[in-house]
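Trainee:
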Amino acid sequence: MNSKLYNWLLFLILCFIWGSSFILMKEGLKELTAYEVAAMRMLSAGVILLPFALKGFRAIQRKDLVTIIITGLLGSFIPAILFCVAETKIDSALAGMLNALTPLFVITVGALFFKSAVQWKKLLGVLVGFSGMLLLFFSKEGSTSPGNLLYASLILVATFCYGLNVNIISHRLKHVGSLNIAAVAFVSLIIPSLLILILSGYFNHSFSDLSFIKASSASAVLGIFGTAVASILFYMLMKRAGPLFSSMVTYGIPFVAVAWGLYAGETITFFQMAGLLIILLGVYLANRH
163 MNSKLYNWLL FLILCFIWGS SFILMKEGLK ELTAYEVAAM RMLSAGVILL
213 PFALKGFRAI QRKDLVTIII TGLLGSFIPA ILFCVAETKI DSALAGMLNA
263 LTPLFVITVG ALFFKSAVQW KKLLGVLVGF SGMLLLFFSK EGSTSPGNLL
313 YASLILVATF CYGLNVNIIS HRLKHVGSLN IAAVAFVSLI IPSLLILILS
363 GYFNHSFSDL SFIKASSASA VLGIFGTAVA SILFYMLMKR AGPLFSSMVT
413 YGIPFVAVAW GLYAGETITF FQMAGLLIIL LGVYLANRH
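For the sequence shown, our numbering gives the first residue as 163, with consecutive numbering after it.
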């Protein structure tokens, strides 16, 4: 297959997988708690990546292990819980739209905590993106209620965690292979994920209940494909096409999330789509060279 065509194929697969994550969360939440869905997601990803982690633990220096575990918590565990809790009250499409703020938080966190240089173009992009976020917040009837704002704000905290995680990896773990980081980080989350499932009473459910099986399967698929497989594909794309092309996945994810939201009967307003486009414009401006 042509190299460029293969890169675009990987790109589209990633957009579809990550864009589908939000509706899978919603499916899992039909029968499971937010904590159970998040724990099942992390547990499934950890188990799938276990073979890679065996090699990763041998390759990683002991001094980097704590940092990698922290990246697992910031880049996966905490956001997974926050997204699931948020989606108990807000639509999956809105969650997917707000997720598009991640690249802007990468820039903001880098400037605030890692002394990264910020050009005026990047600052303009951040300001434009956050204006789009405000439009998203206030674009739906009832969205300004304290409850809705609180749950939507959880996604902002999650995307802030993503931004912090990316900066930690780029500043502290440049010398460690990407796949080793992902595998070790997710495998380190197996035990806390199991503890959450035990303490939440997950194993007390009836495993013959079809609705429970469907919700658990959606959560497992979310972990296997939306986390483990997608991470491997993303690192493949980065190595083949470079970070700039890979980061463009950010533009495709929200539209897949919106399509799934429409399919599931969620209401998406004109102003929400306008807010999404403004956010993506901000992302474009912030990443333009």
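Glycine is no exception: its CB is placed at the ideal position from the N, C-alpha and C atoms. Given the structure is predicted, the values throughout are model-derived calculations rather than measurements.
Counting only the same chain and skipping the five closest in sequence on each side, list residues whose C-beta sits under 8 Å from that of Met-295.
Mentor: Same-chain partners within the cutoff: Leu-260, Leu-263, Leu-318, Gly-437, Ile-441.
Trainee: Taking the continuous alpha helix (DSSP H) assigned at Gly-272, which residues delimit it?
Mentor: Where Gly-272 is concerned, the enclosing alpha helix (DSSP H) stretches over 264-275.
Trainee: Let me make sure I understand the geometry here. Which of Ile-386, Met-435, Phe-396 has the alpha-carbon closest to that of Val-199?
Mentor: Looking at the Cα atoms, Ile-386 is the closest of the given residues.
Trainee: Within its chain, find whatever has a CB closer than 7 Å to the CB of Ser-368; leave out the 5 residues flanking it on each side and keep chain order.
Mentor: Excluding sequence neighbours, Ser-368 sits near Phe-374.
Trainee: Assuming Leu-266 and Phe-292 make a contact with CB atoms under 8 Å, what is their CB distance in whole Å?
Mentor: With 8 Å as the limit, Leu-266 and Phe-292 qualify as a contact, their Cβ atoms being about 7 Å apart.
Trainee: Count the other CB atoms within 10 Å of the CB of Ile-360; is the residue buried (16 or more) or exposed (fewer)?
Mentor: Looking at its Cβ environment, which holds fewer than 16 other Cβ atoms inside 10 Å, Ile-360 is exposed.
Trainee: Does the contact criterion of 3 or more C-beta pairs under 8 Å hold for the region 282-290 versus the region 336-346?
Mentor: Contact fails: fewer than three Cβ-Cβ distances are below 8 Å.
Trainee: Sort Arg-334, Gly-427, Glu-193, Leu-212 by Cα distance to Gly-363 and report the nearest one.
Mentor: Here the closest residue by C-alpha is Glu-193.
Trainee: Measuring alpha carbon to alpha carbon, tell me which of Pro-354, Leu-341, Asn-342, Gly-258 ends up nearest Thr-321.
Mentor: Cα-wise, what sits closest to Thr-321 is Gly-258.
Trainee: Assess contact between the region 414-430 and the region 232-242, defined as three or more Cβ pairs (one per stretch) separated by less than 8 Å. Is contact present?
Mentor: Too few Cβ pairs lie closer than 8 Å, so no.
Trainee: How many angstroms separate the CA atom of Pro-416 from the CA atom of Ala-255?
Mentor: Whole-angstrom Cα-Cα distance: 7 Å.
Trainee: Express the C-alpha separation of Leu-439 and Tyr-425 in angstroms, rounding to a whole number.
Mentor: Those two C-alpha atoms are separated by around 20 Å.
Trainee: Taking Cβ to Cβ, would you say Val-271 is nearer than 7 Å to Asn-329?
Mentor: Cβ distance < 7 Å, so Val-271 and Asn-329 count as in contact.
Trainee: Is DSSP giving Asn-164 helix, strand or coil here?
Mentor: Reduced to three states, the DSSP call for Asn-164 is coil.
Trainee: Please tell me whether Gly-190 and Ala-390 are closer than 7 Å, where the distance is taken between their beta carbons.
Mentor: Not in contact: Gly-190 and Ala-390 (Cβ atoms no closer than 7 Å).
Trainee: Under 7 Å between the Cβ atoms of Tyr-168 and Ile-358?
Mentor: The answer is no: Cβ separation not under 7 Å.
Trainee: Is DSSP giving Arg-402 helix, strand or coil here?
Mentor: Of the three classes helix, strand and coil, the one that applies to Arg-402 here is helix, per DSSP.
Trainee: With a cut-off of 8 Å on the beta carbons, I'd call Val-411 and Trp-180 a contact; round off their distance for me.
Mentor: Indeed, because the Cβ distance is near 7 Å, the residues count as touching under 8 Å.
Trainee: If you check the beta carbons only, do Met-202 and Ser-381 fall under 7 Å apart?
Mentor: Cβ distance < 7 Å, so Met-202 and Ser-381 count as in contact.
Trainee: Buried or exposed for Lys-277, going by 16 or more other Cβ atoms inside 10 Å?
Mentor: Exposed, by the Cβ-count rule.
Trainee: Helix, strand or coil: which one does DSSP assign to His-337?
Mentor: Here His-337 sits in coil by DSSP.
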